[in-house]
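Asks: Residue numbers (my numbering): 33 to 295. C-beta: ideal position from N, C-alpha, C; glycine also.
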């Protein structure tokens with residue numbers, strides 16, 4: 033639409049009240065639009081719109097890239113655990129001497145398990161780095177998300193035509209909701225990673241016949257089954273998940289209905 037706006041404006045010989053009819057209805061100090069003035073307004077609006085779209089597109093791209101990479105790493109980790117060769121190994125043979133082959137096989141299984149745990153810890157570190165980056169740039173809490181979603185949605189619906197305030201509220205609404213959804217989706221991916229890893233360790237190690245590996249498997253499960261938590265207002269914590277996103281949006285929608293119907 034913005035690309036075709038100059039063509040339409042030129043075809044009408046500038047006979048348009050303002051650039052609002054073609055792009056966005058925003059304030060302009062000029063009563064009559066010349067080609068130079070229209071070009072200036074168009075360029076300013078294009079920069080604003082492009083910056084908003086770039087931030088949203090970059091966020092979506094980062095989300096897809098991050099989730100895809102994490103899924104690849106989780107699949108690699110799960111396959112590595114499944115490839116561990118575990119069985120019942122006896123430390124002593126029938127003649128009372130120590131079974132060296134059993135010790136080597138158990139040692140190989142332990143070494144492979146250690147590598148899997150290290151891989152999992154690297155993924156946890158990767159998540160923590162991302163969490164710090166997100167908290168630094170996009171400090172969004174549940175109460176803030178609900179209030180801003182409610183206010184922005186009501187402002188968009190109650191605005192009279194396409195105004196600069198209308199466009200600002202629309203872009204802010206999209207950014208707030210998409211950023212919060214982004215983080216909740218990452219938390220959901222984090223929980224799925226721990227669940228897949230824990231299930232694989234349980235069925236591969238805990239249920240195996242070797243008691244030592246079974247105990248190690250239980251210890252690994254206990255230490256890895258932790259959800260990704262966010263701090264709200266620096267006071268309380270909540271789990272980042274799609275359930276959290278759904279509950280937050282439902283609460284914001286309820287507040288929006290009250291605000292919109294009372295106006």
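1) Could you tell me the distance, in whole angstroms, from the CA atom of residue 93 to the CA atom of residue 107?
2) Using 8 Å as the threshold, is the segment 210-224 in touch with the segment 269-279, meaning 3 or more CB pairs across them?
3) Between which two residues does the alpha helix (DSSP H) holding residue 237 run?
4) Would you check if the distance between the CB atom of residue 233 and the CB atom of residue 146 is smaller than 8 Å?
5) Between 212, 246, 259, 237, which lies nearest to residue 280 when the distance is taken from Cα to Cα?
6) Roughly how many angstroms lie between the CA atoms of residue 185 and residue 76, to the nearest whole one?
7) Taking residue 151 and residue 109 to be in contact with their CB atoms under 8 Å, please state how far apart those CB atoms are, rounded to whole angstroms.
8) Is residue 115 helix, strand or coil when you go by DSSP?
9) What's the gap between the Cα of residue 82 and the Cα of residue 286?
10) Where does residue 43 land, buried or exposed, given buried means 16+ other C-beta within 10 angstroms?
11) Quick check: what's the CA-CA separation for residue 100 versus residue 277?
12) Quick test of your reading: residue 177 and residue 149, contact by CB under 8 Å. State the CB separation rounded to the nearest angstrom.
13) Going straight from the alpha carbon of residue 284 to that of residue 214, what length do you get?
14) Starting from the Cα of residue 254, find the closest Cα among 204, 230, 244 and give me that residue.
15) So, is residue 181 buried or exposed, given that buried needs 16 or more other C-beta atoms within 10 angstroms?
16) Check this for me: beta carbons of residue 291 and residue 225, under 8 Å apart or not?
Replies: With the given structure in hand:
1) Spanning the alpha carbons of residue 93 and residue 107 requires a straight line of approximately 21 Å.
2) Note that the segment 210-224 touches the segment 269-279; at least 3 beta-carbon pairs, one per stretch, sit closer than 8 Å.
3) Going by DSSP, residue 237 is part of no alpha helix (DSSP H) at all; its letter is neither H nor E.
4) In this structure, residue 233 lies away from residue 146, with their beta-carbon atoms at least 8 Å apart.
5) Looking from the CA of residue 280, the closest CA among 212, 246, 259, 237 belongs to 212.
6) A straight line joining the alpha-carbon of residue 185 with that of residue 76 spans about 25 Å.
7) The Cβ separation is near 5 Å, so the contact holds.
8) In the structure shown, residue 115 sits in coil (DSSP, three-state: anything other than H, G, I, E or B).
9) Rounded to the nearest angstrom, the two C-alpha atoms are 32 Å apart.
10) The predicted model places residue 43 with a pLDDT of 48, which falls under 50 and marks its position as unreliable; any figure quoted below should be read in that light. Result: exposed.
11) CA-CA distance, residue 100 to residue 277, rounds to 20 Å.
12) 35 Å between Cβ atoms; not a contact.
13) Cα to Cα, residue 284 sits roughly 17 Å from residue 214.
14) Of the candidates 204, 230, 244, 230 places its Cα closest to the Cα of residue 254.
15) Answer is buried; the Cβ neighbour count reaches 16.
16) Their beta carbons are not under 8 Å apart, which means residue 291 does not touch residue 225 by this criterion.
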